[in-house]
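**Student:**
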Amino acid sequence: MKNIPYILITVRFLLAPIIFLLAYFEIENSPILVLILMYFGLLTDIFDGIIARKVGVSSEKLRRLDSQTDLVFWLSIGFATYFLNPEIIQEHWKSISLIFGMEALCYIISLWKFGKETCTHAWLSKFWGLSLLIAFTYLIGFSEAGWAFYICVILGFISHFDVILIILILPKWHFDVPSSFHAWKIRNGKILKKSVFLN
1074 MKNIPYILIT VRFLLAPIIF LLAYFEIENS PILVLILMYF GLLTDIFDGI IARKVGVSSE
1134 KLRRLDSQTD LVFWLSIGFA TYFLNPEIIQ EHWKSISLIF GMEALCYIIS LWKFGKETCT
1194 HAWLSKFWGL SLLIAFTYLI GFSEAGWAFY ICVILGFISH FDVILIILIL PKWHFDVPSS
1254 FHAWKIRNGK ILKKSVFLN
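Residue numbers (the working numbering): 1074 to 1272.
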């Protein structure tokens, strides 16, 4: 039972190259297959954290591994979207570049301040993840950006800004910090109660 979170993370990591190759070689029905794997990957992401907390293995090592696997997984979805609908990505490259820049900034600031990558699993980041799911569903499944894409960009900017605030506020590196408000509480010596479902 204690190995299940690691197995789910490994599965999600292995899905990334499969998604990439499906889209790159434009295999028959690749958009549908990519979407199916994307939703399956999301389920592994949801349950690895829940199970890890229930069985008491939610360690720093596991959470950092989860964060980096998430990055690889969603990057593979992003590349798949470009391979399947390059014109849409090219049309919105400025908005996409903004989010990539914010993501890079989070890592740069965290590495500069703590010598470790960011691993906050913040609440706003989770909402952004859901908006990513919807946006990619539209981009890959219907070949359009529309409202889902713009909401995703806005939430992406806000959630990354929140992560940057968390990093700047924290006196030392922490994982699973729900928001910049919680980071402020940690800075003032408060101990956070971990939630099984929200982290």
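Ideal Cβ placement from N, Cα and C applies to all residues, glycine included.
From a predicted model like this one, the values you see are computed outputs, not experimental measurements.
On the three-state DSSP scale, how would you describe Phe1120?
**Tutor:** In this structure, Phe1120 counts as helix in the three-state DSSP scheme.
**Student:** Leaving aside the five residues before and after Pro1244 along the sequence, list all residues of the same chain whose C-beta is less than 8 Å from its C-beta, in chain order.
**Tutor:** If we look at Pro1244 and ignore the five residues flanking it on each side, its Cβ neighbours are Ile1259, Arg1260.
**Student:** To the nearest angstrom, how far is it from the Cα of Trp1257 to the Cα of Tyr1223?
**Tutor:** Rounded to the nearest angstrom, the two C-alpha atoms are 30 Å apart.
**Student:** Excluding the five sequence neighbours on either side, which residues of its own chain have a C-beta within less than 7 Å of the C-beta of Pro1104, listed in chain order?
**Tutor:** Closer than 7 Å at the Cβ level, and outside the excluded window around Pro1104, lie Leu1157, Ile1213, Gly1214.
**Student:** Quick test of the definition: if touching needs 3 or more C-beta pairs under 8 Å, does the segment 1125-1140 touch the segment 1158-1173?
**Tutor:** In short, these stretches do not touch, since the Cβ pair count stays below three.
**Student:** Lys1075 by DSSP, collapsed to three states: which one?
**Tutor:** In the structure shown, Lys1075 sits in coil (DSSP, three-state: anything other than H, G, I, E or B).
**Student:** Quick test of your reading: Ile1082 and Thr1142, contact by CB under 8 Å. State the CB separation rounded to the nearest angstrom.
**Tutor:** That belief holds up - the Cβ atoms of Ile1082 and Thr1142 are roughly 5 Å apart, short of 8 Å.
**Student:** Spell out a yes or no on whether the segment 1125-1133 and the segment 1165-1181 are touching, meaning 3 or more CB-CB pairs, one atom from each, closer than 8 Å.
**Tutor:** With a cut-off of 8 Å, the segment 1165-1181 and the segment 1125-1133 do not count as touching, because too few Cβ pairs lie within range.
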